[in-house]
Structures are given as structure tokens and as C-alpha cells.
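All remarks here apply to the structure that follows.
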Amino acid sequence: MNDAADRRAKGAAGRATGALAPLIRVSLAACATWIAASGEAQTDAPASAPTTVSATSAPTLPPGAVKANPAPNDPAGEWHSQARDYANTRYSPLDQVTTQNVSRLRVAWTFSDGTQNGHEAAPLVLDDTMFLVTPFPNLVYALDLSKPGVPIKWSYSPNPTPVSIGKACCDTVNRGGAYAHGKIIYNLLDDHTIAVDAKTGKLAWRTKMGDPTRGETMTMAPFVVGNKVYVGNSGGEMGVWGWLAALDVDTGKELWRAYSTGTDQQVKIGPDFKPHYAWMQGKDLGVSTWPAGMSKTGGGAVWAWISYDPDLNLIYYGTSNPSPRVPAQRPGYNLWSSTVFARDADTGMAKWAYQFTPHDEWDYDGVNENVLLDVTWKGQPRKVLVHFDRNAFAYVIDRATGEVLSATPFAYQNWSEGIDLKTGMPVVNPAMHPKPNVKLPNVCPPDIGGKDWQPSAFSPRTGYVYAGIFNICMDLTDHPQSYIAGTPYDGMEMKRYPAPGGNWGEFMAWDPVAGRKAWFIKEKFMTMSGVLATAGDLVFYGTADGWFRAVDARNGQVLWSHKLGSGVIGQPMTYLGPDKRQYVAVYSGVGGAAMVSASMPGFPPRGSTLYVFSIDGASPNLVAGHAQTQGEEQPAARSDEGMGSRR
Amino acid sequence: MTPRAALLAALVLATLGACTSHGGSTASAPPQAPPATETLVAIPLGDLAGAAKSTLATNVRNPYEGNAQAVAEGKELFVRMNCAGCHGYDAKGSMGPNLTDTYWRYGGVPAQVFKSIYEGRPQGMPAWNPALPPDEIWKLVSYIESLGGMVAPEGYQALLQGDRAGDNVPPEVARTLPEGALGVKSATRPENAASGSSTRPEARPDAGGNPPNGEAGNAGGTGANAANGNGGGANAGH
Numbered sequence: 000m001n002d003a004a005d006r007r008a009k010g011a012a013g014r015a016t017g018a019l020a021p022l023i024r025v026s027l028a029a030c031a032t033w034i035a036a037s038g039e040a041q042t043d044a045p046a047s048a049p050t051t052v053s054a055t056s057a058p059t060l061p062p063g064a065v066k067a068n069p070a071p072n073d074p075a076g077e078w079h080s081q082a083r084d085y086a087n088t089r090y091s092p093l094d095q096v097t098t099q100n101v102s103r104l105r106v107a108w109t110f111s112d113g114t115q116n117g118h119e120a121a122p123l124v125l126d127d128t129m130f131l132v133t134p135f136p137n138l139v140y141a142l143d144l145s146k147p148g149v150p151i152k153w154s155y156s157p158n159p160t161p162v163s164i165g166k167a168c169c170d171t172v173n174r175g176g177a178y179a180h181g182k183i184i185y186n187l188l189d190d191h192t193i194a195v196d197a198k199t200g201k202l203a204w205r206t207k208m209g210d211p212t213r214g215e216t217m218t219m220a221p222f223v224v225g226n227k228v229y230v231g232n233s234g235g236e237m238g239v240w241g242w243l244a245a246l247d248v249d250t251g252k253e254l255w256r257a258y259s260t261g262t263d264q265q266v267k268i269g270p271d272f273k274p275h276y277a278w279m280q281g282k283d284l285g286v287s288t289w290p291a292g293m294s295k296t297g298g299g300a301v302w303a304w305i306s307y308d309p310d311l312n313l314i315y316y317g318t319s320n321p322s323p324r325v326p327a328q329r330p331g332y333n334l335w336s337s338t339v340f341a342r343d344a345d346t347g348m349a350k351w352a353y354q355f356t357p358h359d360e361w362d363y364d365g366v367n368e369n370v371l372l373d374v375t376w377k378g379q380p381r382k383v384l385v386h387f388d389r390n391a392f393a394y395v396i397d398r399a400t401g402e403v404l405s406a407t408p409f410a411y412q413n414w415s416e417g418i419d420l421k422t423g424m425p426v427v428n429p430a431m432h433p434k435p436n437v438k439l440p441n442v443c444p445p446d447i448g449g450k451d452w453q454p455s456a457f458s459p460r461t462g463y464v465y466a467g468i469f470n471i472c473m474d475l476t477d478h479p480q481s482y483i484a485g486t487p488y489d490g491m492e493m494k495r496y497p498a499p500g501g502n503w504g505e506f507m508a509w510d511p512v513a514g515r516k517a518w519f520i521k522e523k524f525m526t527m528s529g530v531l532a533t534a535g536d537l538v539f540y541g542t543a544d545g546w547f548r549a550v551d552a553r554n555g556q557v558l559w560s561h562k563l564g565s566g567v568i569g570q571p572m573t574y575l576g577p578d579k580r581q582y583v584a585v586y587s588g589v590g591g592a593a594m595v596s597a598s599m600p601g602f603p604p605r606g607s608t609l610y611v612f613s614i615d616g617a618s619p620n621l622v623a624g625h626a627q628t629q630g631e632e633q634p635a636a637r638s639d640e641g642m643g644s645r646r
Numbered sequence: 000m001t002p003r004a005a006l007l008a009a010l011v012l013a014t015l016g017a018c019t020s021h022g023g024s025t026a027s028a029p030p031q032a033p034p035a036t037e038t039l040v041a042i043p044l045g046d047l048a049g050a051a052k053s054t055l056a057t058n059v060r061n062p063y064e065g066n067a068q069a070v071a072e073g074k075e076l077f078v079r080m081n082c083a084g085c086h087g088y089d090a091k092g093s094m095g096p097n098l099t100d101t102y103w104r105y106g107g108v109p110a111q112v113f114k115s116i117y118e119g120r121p122q123g124m125p126a127w128n129p130a131l132p133p134d135e136i137w138k139l140v141s142y143i144e145s146l147g148g149m150v151a152p153e154g155y156q157a158l159l160q161g162d163r164a165g166d167n168v169p170p171e172v173a174r175t176l177p178e179g180a181l182g183v184k185s186a187t188r189p190e191n192a193a194s195g196s197s198t199r200p201e202a203r204p205d206a207g208g209n210p211p212n213g214e215a216g217n218a219g220g221t222g223a224n225a226a227n228g229n230g231g232g233a234n235a236g237h
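Protein chains in written order, with numbering that gives the first Met the number 0: chain U, 0 to 646; chain B, 0 to 237.
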């Protein structure tokens, strides 16, 4: 037993002495084995199952045991991209708000953007300006943080076509913008990538990337490295042909496009492509693992997160489920759907790939974030990516080679008996293959997975990765579909309900080296927000019913909770104001996939409000006496643009 | 024709065939001649300038009115033609609007619902003419009528004037309301007089007054529909 393993064993023993240790063991046991379909998870448990916290005093990983590259090393008080850094840690070095004073967090100011659909983005902060990108109609606001009332500096309304509203599978969401080269860059639901001058709000460029009438939309946040912007499409339910494209930051010109299915040329697979596993090696597998003619309506959309390793010069991202969602219609592995790609950041050529769920039968997708960490693995330093897949397994993958080092369940599941690390193939529970027009009960997790797109965070101070996860199952009936352009190529009829325990959500701290939870917090409602980790040893997350919480990053103790106007599916972030005070911001505006639980008693209405917190609520907006918004020639809000405004 | 196009054509033919070739089905030929499509195209989506009452054919009746076989075939079409993928397998909304409530952005009398299917609508609803022949669209209308949220032809004026009751209307009040104010009397769900009333305590974010840009339950994500999260054909992937 090496030192690390020894410490882990002691850590586990230490945890077992806690009063709540049985909960942990039960949870891990449930994860470690699949349970034969028996209706067992058909829960009659009360929806009001109490929130359970498994706080422990177990030691965290030794300092430096798990590291991440903080590149591009943006200023500590700013937030330029959705994940804040290339490694996708969502970690802020700000430490004014700590475990000691977090209970004094109060609302400092709020802003309502007037759009009602799911708010999944994090604000960006550059210097004294905050930038907000809204759901459809995809407005962008620049707010002046230096003046009382946080006046609008400018806003931009890009007028996406309403046709795209009805082509978006999962609410007309947007996962935010990116700041680069003086521009705010983001995607429109109707398949344009645009750049707006961050100072003036004037359009810098606008590039048409796809066709909404064929079911294609765009919801992801662009990812910028150097002079390239990487974007991809949404529409895995609509029979789209998934792709990732690189655009020139300054002009918006498309430089290359890599499809997720099709010939090697279309997928940008060449001589340098070295997948680790034999079954992913061969010519034109993006065609030959599909029935004839089906690969180009085969989904593999690229709708979530991208990471970048500056040393290897590789970008990493996942592809969506195959289309149609009815597996009986598409025998074969359906490469390269539900796959993580590593590509040369300059040329786009694939370096390696790994398909998480071959022939995905349950819409497990593969788009969740890849957090790039440097760990000591069996005594050797390894550059890895950590990925919580929708299929409920946490993967640790060597990010230079694509070798899977470990794959451990992090949420309740019964579709697989585990991942064979020799072949990289999941061992599928034979009872869990759906057949057309036959109801298959108690499939866990359901289509939205053990975790969806909501991104995790990593703290170098604890070595843990923190994530909001799900505890859900489904009854599934497949209906074979015809491909009709612009309509769903889908076919999954589902009823979803909580897995054993009765809770829909959970927040966890994951030890990526040991492959297990360090602690977890059960949540009655879905935990579908992103996570923020800070140097104050805090992690922040929200729930679908609108509780926004701050937790001690080391032991899972909930130190502060604040009920917001609507549910939280956005991504919390933190910044330093012009007054040098630390603020924490998060959108409250439920929607997106959290609506699968919308019939739960207590589920909140929609909303559109950004909440910003500070210690004691202090800010230039908290004034004793009569204050007025300051700012010369403030423009009026644009929130009716594109929504029937008569202006 | 490429092999793929041939396959698709075969699939579509098979699909349509499955819907049209029920020899002897009571719904295969409507009991009366279907209204001319030209008549339907003239029906306005809103009210009429300077006119108190429509003189157009808003009172057109579904030629399959009361035909249970048409309802069944319409339901099959609803799944087979990917309608359920958008509106939910229970038609309570997902990517597209809820079709069981009483909120009709483009009108809820049978002729107007026919028009919405036939012509398509700007927020992503495709035009199903010519992919579906008019009699199949009427069967879809029959199915939607059976869900209880639609408005009888006589209710057209009440619909325009907002003389429509909301949720949770007690029977004694329902008796006092104008005809059509509570939606179609459904043969299959006669108890459903009170417009999809809900006694659930949860917020109904997309009920009735939809968000201005909104699809009724464009819930989401993964699926779901707002009014009944566990029901629909919701989607998780993107």
C-alpha cells in the first residue's frame, strides 16, 4: 500500500466513526452494484424526505496532491469565461468570504433581465463591468459596477429567429459568453456566433453556423484559446449532424469544422489519431458503425464544455447522444456519439477519442465537462481529465493517451455492472436493453443522467471535485421514429421519479484519486446548478427550488442558505468589485432540464433575476437615504426585444 | 435517388401507409365531406377589423367529430409523426406548447387548430401540408379535442373576448358561464369540464399565460414539460 492509499484507508476509517457514516456506506454500496429491475426504485418515499448532510471531519487530501493549471491566469477578481480557466476548475482565488464570515452574506443588489426561460449562464466580469447573456432572445447587457444602481452601460439585441424556439429540445437556454480580445462572444439559439465590442456594445462580427429549420440550435458557451473561438451545435434529439468549429476571434471567419460522425475526413481523423482501445481503431468508423445512410442524422451534438491543456496543446470536449434516441433503429456503436475527443487546438485534428457509452440506448450523452487535473496515480504523476458522465460513472482518463484509469459510479445506477478497464467497454446489464414499444421500468439513471451539463468545480486546497448530481430513474418506452427534418428524431417516452432515498438531488465532494465521495448533501429537489469553489474554502451551489448555499469545502457543512425568487440552474461566480469587495453572483431562473421535476409540490415559478451577495450586503447600492441610479445617458432595458416589443 | 433517400421515402410511405390503409376503419372516410381547405385558409388568427362577429368559417366542424376511431388514429399519428417529441407524449407540452390546456396562441376552435397544423407557426411548428393529407390532420385535431382543452366552434366569440374561465371552476359557477367558455365537452373525458383544472399546489410556470416568447412548456431539457414533469417526451440530450 503506498502512502496515498494508506492515507485514504485511514481517511475512510476516520469517516466511519462519524454518526452519519452508515449513510455514506449505504450510498457507496448502492453505487457499487446494480440492482436487478424490480420496481425497487419506484419510490413511494415521501417527497419531503429530509435533507441529509453527511458532514465529516475526515482529513482532506494532502495539499498539492491534486493540482490544476490556472492558465490563462486571469486577474484574481475577474471572470472572463464560464469555467474561469482552461482546466475548467471554476475556482476563484478570492478569499475575503470565508467559512468564518459566510453566514453574513446578504443580497447586495439584483438585476432582472426580463427573459423567462432557463438561466444557465454565469455572468462575466472584466474590470468594472459585468456582462450578462440571456436565454432567447439572447440579449447581452453590460452593467457598470462602479456606479450606484449598477446602471446599464449598453445592451445588444441580436434578433434570433423565433423559429429556433421550437427547435430547442430543452428550453431556450444559453450557457453564457466568453470575453476575449475586447469582445463578448456568444452563441444565438438560431445558430449564429456573434462578437460584440465590450466597450461600445456594437456588433463586431456575426457568423452563421447552422440551420434552425433542420433542428439545429446553439446553446453552449464559446471557448476561446489564443486567436480561436470554439463553438458547437445542439440538437441531439432532432437528428442533427453534430460538429465543433473553430472561428477566428477577430473576424469570426470559420477556420475548420470537425463533425462528430461521418468519414474520417469529416471527423478530422488522420494519421495522428491514436485511440487507446482497439475497438475505436479503424477507417471511417463514424460511418461503418451506423446503418447505411444514418450517420449524418446521427446527432453527436457538441453543446456543453471545452477544456484546454496548454502543454499538450489539446482541447477536450464531449459529444451528445446518437439520433434517433431509439437504439433499435441504429445497430452499431454509433461512433463518435457520446464520446470525448482530444483534438489539436490549432488544426482540429483528433488525437484520441473515447466513447463512454457505445450504442447509447438511454440518452446518456457524453458532453459533461472534463476537468483537467494533475494527480499522482499509483506513484506516478499523471495528467488526467475527470469527467462525471451522464451514465453515472466518474471517469479518470489519461488526457495524453485516452487510457481510462478508473471509472466509478457516483450516482445511483443499474444499467451497467461496471466499466472493463482492459477494453474501456461498459458491461451492460442485460435487463436494461429497451425494446421498441415495450415499457422498460426502472432504468437508472434516466436520460438526464446521474449528472447533466451543470459543471463541477475543483479546489486545489482540498483536492476534491464538487458537483451537483441526480438520484433519478425512469420508465422508458421507445417509439421508433421517421426522420422528418426539423422535428424530433427522438422516440423516448419517459416517466421519471426519484431513485431509492426519495431525494431528486445531491451535492457531493468527490475524491478523484480514491474514486469515491468524501462527503455529500442530499437535496429534495434537483441540484442542477454549476458549482463555484473559492480560496475561502467555500463551495457554492443552488437547488431547483431556489436555495442558494455555501458549504465548507472540507467537510460539507452547510454554512449559509438563501432562498431566491426562482430555482437556480445557473453557475455561481465571484468577483472583486471596483470597491475591492468580494461579491458572489448567481442567476435565479429555473428551466432547462430541471423542468422534469416541475410537478413536484413546491416547485418554483420561472424567473430572470441575477442575485449578487456580499458580506452584510454592503455595496455602493446600499445607501442610507435617498439614492438614485447614476450614469450618463443610460440606455433603457432591452428585455422586450425579440419578444413582441412594439418599439 | 440515393440509398438513404430511398430508405427515408420508404419509411415515410410506410408511416403514412400505416395511417391511411386501415381498410374498413370507421375513421378512414369522414362521415361528411371535409371542408374545403381554401375555406380554412381564410380563417383569421385574430379578430376582424370592424366586425363584431366573424363571417368566415370558424364554425367549421371536424368531419370526424365524435368519431372514436379517428381519435385513436390521431393519437397514433401524434406519436408516429414526431408530434409527441415536441408536445410531449401526454401532449402537455415539452419543446412545443401544451395542447391540453385552454391557452391557444393561434386559436382553439377545430378550424384554427387544423390551420396551425396545416400551415405551421412561426416558433418552430412546421407546416404539415403537404406531408399529411387533410383527413389525417383532422384526425390529429380529433385527438387533441379528446384531451379536453379545445374550444367548440360555438365558443369562438367567447375565446376572442377572453370570456374563458381559469382553473378550478366549481360546477355551480361553470353552469353560469357562456357556452364554450370551458372548452370542448369531450366524449372521452366528460368530467373534464373545468379546463384542465389542477388541484396541485405547485406553481404552474407555463400554465395559461405563457411567457411571451414561450412555448407552453418548453421545459425542457431534458425534457420535460412544465405542467407535468414526469409525463412528457422530454429530452435530455441536445
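In this text, a Cβ means the ideal position worked out from N, Cα and C, and glycines have one as well.
**Request:** Name the one or two DSSP bridge partners that U:Cys168 has.
**Result:** U:Asp170
**Prompt:** Would you call the segment 610-618 of chain U and the segment 97-110 of chain U touching, i.e. three or more CB-CB distances under 8 Å?
**Reply:** yes
**Item:** Closer than 8 Å to chain B by CB, U:Asp84
**Value:** No, because no Cβ of chain B sits closer than 8 Å to the Cβ of U:Asp84.
**Asked** Does the separation of the CB atoms of U:Arg398 and U:Asp308 fall below 8 Å?
**Response** It is a contact, given that the beta carbons lie within the stated cut-off.
**Asked** What's the gap between the Cα of U:Gly555 and the Cα of U:Gly467?
**Response** 13 Å
**Item:** U:Ala532 - DSSP class collapsed to helix/strand/coil
**Value:** strand
**Request:** Out of B:Asn61, B:Glu118, B:Ser93, state which residue places its alpha-carbon closest to the alpha-carbon of B:Ala41.
**Result:** B:Glu118
**Request:** In the DSSP assignment, find the beta strand (DSSP E) that holds U:Phe340 and state where it starts and stops.
**Result:** 338-343
**Request:** Report the three-state DSSP secondary structure of B:Leu98 (helix, strand or coil).
**Result:** Under the three-state reduction of DSSP, B:Leu98 is assigned to coil, being neither helix nor strand.
**Message:** Rounding to the nearest angstrom, what Cα-Cα distance links U:Arg515 and U:Trp509 in this structure?
**Reply:** 6 Å
**When U:Gly214, U:Ile151, U:Lys227 are compared against U:Gly200, the one with the closest alpha-carbon** = Of the residues U:Gly214, U:Ile151, U:Lys227, the one whose Cα lies closest to the Cα of U:Gly200 is U:Ile151.
**Request:** Could you tell me whether the Cβ atoms of B:Pro34 and B:Val59 are closer together than 8 Å?
**Result:** yes
**Item:** Buried or exposed by the 16-neighbour rule on C-beta atoms within 10 Å, applied to B:Gly92
**Value:** By the beta-carbon neighbour count (other beta carbons within 10 angstroms, threshold 16), B:Gly92 is buried.
**Request:** Pick helix, strand or coil for U:Asn186, following the three-state DSSP scheme.
**Result:** Collapsing the DSSP output to three states places U:Asn186 in a strand.
**Request:** Give the residues of chain B in contact with U:Lys523, contact being defined as C-beta atoms less than 9 Å apart.
**Result:** Ordered by position in chain B, no residue passes the 9 Å Cβ test against U:Lys523, which lies about 13 Å from the chain.
**Message:** Within a Cβ cutoff of 7 Å, which residues of the same chain sit near B:Asp134, ignoring the five residues on either side of it in sequence?
**Reply:** Pro29, Pro33
**Message:** If we define contact as Cβ-Cβ less than 8 Å, is B:Tyr88 a contact residue for chain U?
**Reply:** yes
**Whole-angstrom distance between U:Asp170 and B:Pro94, CA atom to CA atom** = The residue you asked about is not Pro; residue 94 of chain B is Met in the sequence shown. Roughly 7 Å separates the two Cα atoms.
**Message:** Considering only DSSP beta bridges, list what U:Ile468 is partnered with.
**Reply:** U:Glu505
**Item:** Sheet register partners of U:Glu522 (DSSP bridge)
**Value:** U:Gly504
**Prompt:** Could you check where the beta strand (DSSP E) with B:Gln31 kicks off and where it finishes?
**Reply:** From DSSP, B:Gln31 is part of no beta strand (DSSP E); its letter is neither H nor E.
**Asked** In this structure, does DSSP put U:Met129 in helix, strand or coil?
**Response** In this structure, U:Met129 counts as strand in the three-state DSSP scheme.
**Cross-chain neighbours of U:Lys166 in chain B, by beta carbon under 7 Å** = By Cβ distance, chain B contributes Gly123.
**Item:** Straight-line gap, U:Met507 to B:Gly161 (C-alpha atoms, nearest Å)
**Value:** 49 Å
**Prompt:** For U:Val162, which residues in chain B fall below 8 Å Cβ to Cβ?
**Reply:** Pro121, Gln122, Gly123
**Prompt:** Of all the options U:Asp84, U:Asp210, U:Ala406, U:Gly181, which has the alpha carbon lying nearest to the alpha carbon of U:Leu187?
**Reply:** U:Asp210
**Near-chain U residues of the segment 64-86 of chain B (beta-carbon distance less than 9 Å), N- to C-terminal order** = Val78, Arg79, Met80, Asn81, Cys82, Ala83, Gly84, Cys85
**Item:** Whole-number beta carbon distance between U:Ser163 and U:Asp189, since they are thought to touch under 8 Å
**Value:** At roughly 4 Å, the Cβ-Cβ gap stays under 8 Å, so U:Asp189 and U:Ser163 are in contact.
**Prompt:** According to a CB-to-CB cut-off of less than 7 Å, which residues of the segment 131-151 of chain B neighbour chain U?
**Reply:** none
**Message:** Along the segment 91-117 of chain B, where does the CB come closer than 8 Å to a CB of chain U? Name the residues.
**Reply:** Met94, Gly95
**Where U:Gly485 meets chain B, residues with beta-carbon distance less than 7 Å** = Pro125
**Asked** Which residues in the same chain as U:Ala29 place their Cβ atom closer than 7 Å to its Cβ, once the five residues preceding and following it in sequence are excluded?
**Response** Bear in mind that the predicted position of U:Ala29 carries a pLDDT of just 36, short of 50, making it too unreliable to give a figure here.
**Message:** Let me see if you follow: with CB-CB separation under 8 Å, is U:Glu236 close to chain B or not?
**Reply:** yes
**Asked** How big is the Cα-Cα spacing for U:Asp373 and U:Val395?
**Response** 11 Å
**Message:** I'd like to know if U:Asp419 contacts chain B, where contact means its C-beta is closer than 8 Å to some C-beta of that chain.
**Reply:** no
**Item:** Residue closest to B:Asn128, alpha-carbon to alpha-carbon, out of B:Lys74, B:Leu159, B:Val150, B:Met80
**Value:** B:Met80
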